[in-house]
Structures are given as structure tokens and as C-alpha cells.
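Under the numbering used here, residues -3 to 389 are what the sequence shown spells out, in order.
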Amino acid sequence: MLNENALKYGSQGSAIRALFEYGRQRAAVVGKEKICDFSLGNPSVPPPRALFAAFEAVLKEDPMATHGYTSSWGCDELRAALAESLTRRFGMTFRPENFFITAGAAAALTACFCALTPDRDTEFIALAPYFPEYKVYSETLGAHLKVVPADEKEFQIDFAALEAAINRNTRAVVINSPNNPAGVVYTEETVRKLGELLRLKSREAGHPIFLISDEPYRELTYGGVRVPFAPLYYENTLVCYSWSKCLSMPGDRLGYVLIPEQTAEWRQVFAAVAGASRMIGHVCAPSIVQKAVAKCVDAMPDLTVYERNRNLLLEALPAMGYECARPDGAFYLFFRAPRGDGASFCEEAKAKDLLAVPAATFGCPNHLRIAYCVDTAVVERSLPVFRALIEGK
Ligand code: PLP
């Protein structure tokens, strides 16, 4: 006898990973330069110099500390650096005690979903298009993930639909801005309205309805667009952050949960996040990575390639007739399949060795996603293929 959910999710795998594996196999047959692989959000720019320098410095420090366990909530240097950085950048006061360091955003999210699930009636709300792993995190806890359909015009929030979805069992709404897969950044007005709605609904429910703000792409924006910092607009916000994308280090596994002191019973919530992490075998995030990132929490890679790719695609695809969401952040472009069905369009594209992800997995079956964190040459090579696809050739 095996755990039913473990078996189900282990056997199915993720649609995105399956496409990525297909791309690797196909590249071995036809050659990498023949494929336009837009499947996976794996950063394509090197980490900033500051990260390499930080690792070099850490390797010269006390090896027992560098390679030993840290506290389960993370090492002092990193939590102190975070408190200083976020206080300076966002105009709210944070202390090291507000941060629980995790192995990436995935671990941060899993801990928050678990901490906020008191019973099997628990419901979480995601707003389409949404990161598919939210379903895994909630279902495996016996909770339910309700998906609010997308506002397919602006990809902001359909507030009427969100309000209708909230009920007494709602424990949290999960947002992700800049968004995977749409690349859209929520405006300040959207985040403010969301805070007001959650405040009202929390009063009606008689308990806080939390906002989980999933922010692995927070620093990746283009054209000077700013990401509103969610805790400034709603008191019961838990931030799940990661350096995977902004420091180009997804394999090093580092992130955090931020539990601001304005959160209702924040110490209890912190303890529940710590307990939830313990339940899934978290001991501490990788020590060497924590200590290195503590030396460069505000470092950024050079985003020129992403911005160039985005601009190229945004100029070319709408001119061919594709209907795209406006991607002000992350490194994804999301667009409506020209003949209606995302899955069949992606099959047609796959036959031409262009790999795009059908967006049914994100809750938008008529759309598809391309991850443009690739060399610009791949984008340039893809344009004639996109033209042939929309012309049905
Ligand atoms: N949340 C979103 C929206 C993501 O796109 C990803 C990764 O692609 C994650 C969470 C998980 O990121 P991490 O590598 O930090 O676990």
C-alpha cells in the first residue's frame, strides 16, 4: 500500500517538466540548434559576480559553520541582512525574527499551506492563470484549491468572481505577481482593492483570511514597472520569496517566508510555519548558500537579455496576429491560441520543434506559455515558426 497522493503526483509528474525532458531527448536527436525550447523557467543569465565573490568568501570562513547545521529558521546573518534590506526598501519595519528561511519558494509555500490548514474543510483560492503546484500543495493536505477564472483581458483580478468564491472555509488567497505564466504585474489599485476585500471578508468570516504572496519574480520587472509590496496593503500577508530567479540560482534552493508582525497572532503563525516545515523533513536550508546570500541579498543579475527577448517577442507576435498579455515582469509570455485550443496549438508547434506549454495546466485552456529565459538567438529563430503556425502552414 502506498500513499495515494504521493503515487498520483509521482506518477503524473508535471506537464512542464515532461515537455522539458522531451526537449532534451529531441535535441540529442536533431541538435540543440534546431529546437526552440521555451518550456521551462530556468534562468539563462549567469548569477551576478557578487554571488560568486560571496561563495568564495564563505569558503574561507570557519568550515564548521559553513558546512554545519544552522538554526531551523535560518542563520543569523541572513535574517539580519533581510530585515535591514526589506525595511530600507519597502518602508515597513522588519526584524530577523520575521523571517523563516526555506529551500526555495516551493518549500515556503508548502509550509504556509500546511500551517493554514486546520481541517479538511479548508479552502485556498488561486487566481487563474496560476502556478500548478498550488494544487499539489493543497490537495495533499486534504484541503481544496478553488480557482477563480482569469480576467482574460488585463490579467488583473476579477473581483466579482473572487468575492463570490470566498466563504467561511477560505483560509487564504494566493497571488503571484509578477505572474507565472502571464508575466503580468498587479497594479497598486489591484493590490489595494484586494486588501480591502480580504479585510471585509475576514470581518464577515470572524477569522483572518490570509494573503499568500508568492514572489519569486519580484525583482524581475521591465520598463521601470514597480511591484506593489503586498504587506503594505493587507496586514495578514505571508510573503513567500525565493532567490531562484533573481539570483539565477534555482538549483541552490533558497527562499523564505516573511511573517510581518502586523499579522494576526504572528508568533503562532511563525511557529506553525516552522512546525509545517518540520513535518516535511526540513532541517535547515543549505548553510553555505544561506551564508553566501547573506553577503549579497540585494544583488541582481544583468537582465538585459530577458528584456531584449521580451521586447522582440512583444513587437513581433502581436504584429503577426497573436493576442498577448502584457508581460511587465518575470520571463514568460502568455497568449491566446490562434485557433482556440492551447493543447492542439502546442502540438502543432511541437511538430515544428517549438516547445510551448499548453496553459490548461495554469487554468486557461485557450492559452499557452513560452518561457523566454533563453538565448536571443532562440527567440530570433522562433519568429518564422510562429508566423507559419498562425498562418496554419
Ligand atoms: N512559485 C512560482 C510562481 C514559480 O514560478 C516557481 C518556480 O518556477 C516557484 C514558486 C518555486 O520556486 P523555487 O525554485 O524557489 O522553489
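Even glycine gets a Cβ: it sits at the ideal position worked out from N, Cα and C.
Handout entry: In chain order, each beta strand (DSSP E) run of at least 3 residues that lies wholly inside the region 110 to 179
Key = 119 to 123, 140 to 144 and 166 to 171
Practice task
Would you give the residue range spanned by the beta strand (DSSP E) that residue 209 belongs to?
Solution key: 206 to 210
Exercise for the section: Give a yes or no on whether the C-beta atoms belonging to residue 318 and residue 306 are separated by under 9 Å. Expected result: no
Handout entry: Residue nearest to residue 68 in terms of C-alpha spacing, selected from 320, 187, 253 and 288
Key = 253
Exercise for the section: With a threshold of 16 other CB atoms inside 10 Å of the CB of residue 259, please say whether the residue is buried or exposed. Expected result: buried
Practice task
Indicate whether residue 170 and residue 205 have their beta-carbon atoms separated by less than 9 Å.
Solution key: no
Problem - Near ligand 1: residue 241 beta-carbon under 8 Å from a heavy atom - result: yes
Practice task
Name the two residues that bound the continuous alpha helix (DSSP H) containing residue 271.
Solution key: 262 to 275
Practice task
Note down the Cα distance separating residue 276 from residue 383, rounded to an integer number of angstroms.
Solution key: 47 Å
Problem - Exercise answer, beta-carbon shell around ligand 2 heavy atoms below 6 Å - result: Looking for ligand 2 in the displayed structure turns up nothing; the ligands present are ligand 1.
Practice task
State the CB to CB distance for the pair residue 351 and residue 34, rounded to an integer number of angstroms; the pair is presumed to be in contact (CB under 8 Å).
Solution key: 6 Å
Practice task
Note the first and the last residue of the continuous alpha helix (DSSP H) segment covering residue 16.
Solution key: 11 to 26
Handout entry: Option in 297, 359, 281 and 187 with minimal Cα separation from residue 63
Key = 281
Problem - Boundaries (first-last residue) of the beta strand (DSSP E) holding residue 395 - result: Since the first residue of the chain shown is -3 and the last is 389, residue 395 is not available in this structure.
Handout entry: Pair within 9 Å by beta-carbon distance, residue 279 and residue 250
Key = no
Practice task
Closer than 8 Å by C-beta to residue 283: which residues in its own chain qualify, once you throw out the five before and the five after it? Chain order, please.
Solution key: 61, 62, 63, 64, 65, 66 and 71
Exercise for the section: Determine the DSSP secondary structure at residue 238, reduced to helix, strand or coil. Expected result: strand
Exercise for the section: For residue 233, I'd like the list of residues in its chain whose CB is within less than 6 Å of its CB, leaving aside the five on either flank, ordered along the chain. Expected result: 207, 209, 226 and 227
Practice task
Could you name the residues of the same chain whose beta carbon sits closer than 6 Å to that of residue 248, not counting the 5 residues immediately before and after it, in chain order?
Solution key: 285
Handout entry: Residues that residue 332 bridges to, as DSSP identifies them
Key = 363
Practice task
Within the same chain, show all residues whose beta-carbon is closer than 7 Å to that of residue 30, passing over the 5 residues directly before and after it, in chain order.
Solution key: 349
Exercise for the section: Figure out for me which residue from 36, 9, 361 and 6 has the closest Cα to the Cα of residue 20. Expected result: 36
Exercise for the section: Determine contact between the region 183 to 190 and the region 151 to 163, defined as no fewer than three beta-carbon pairs at a distance below 8 Å. Expected result: yes
Handout entry: Host alpha helix (DSSP H) of residue 254 (start-end)
Key = It is not in any alpha helix (DSSP H) - residue 254 instead sits in the beta strand (DSSP E) that spans 251 to 254.
Handout entry: For residue 144, the nearest candidate out of 179, 136, 166 and 138 (CA to CA)
Key = 166
Exercise for the section: Take every Cβ of the region 83 to 100, pair it with every Cβ of the region 255 to 270, and state whether three or more of those distances are shorter than 8 Å. Expected result: yes
Practice task
Go through its chain and collect everything with a Cβ distance to residue 18's Cβ below 6 Å, but skip five positions before and after it.
Solution key: none
Handout entry: First and last residue of the uninterrupted alpha helix (DSSP H) at residue 386
Key = 372 to 386
Handout entry: Cβ neighbours of residue 326 in the same chain (closer than 7 Å, five flanking residues each side left out)
Key = 174, 175, 176, 179, 213 and 216
Handout entry: Segment limits, alpha helix (DSSP H) that includes residue 258
Key = No alpha helix (DSSP H) holds residue 258; DSSP gives it neither H nor E.
Exercise for the section: Let me know if residue 118 comes out buried or exposed under the rule of 16 or more other beta-carbons within 10 Å of its beta-carbon. Expected result: buried
Practice task
Name, in chain order, the residues that DSSP records as bridge partners for residue 350.
Solution key: 32
Problem - Residue interval of the alpha helix (DSSP H) (run including residue 198) - result: 184 to 201
Exercise for the section: Measure from the alpha carbon of residue 364 to the alpha carbon of each residue in 43, 90, 302 and 330, then state which is nearest. Expected result: 330
Problem - Candidates 137, 1, 141 and 239: closest to residue 272 by CA position - result: 137
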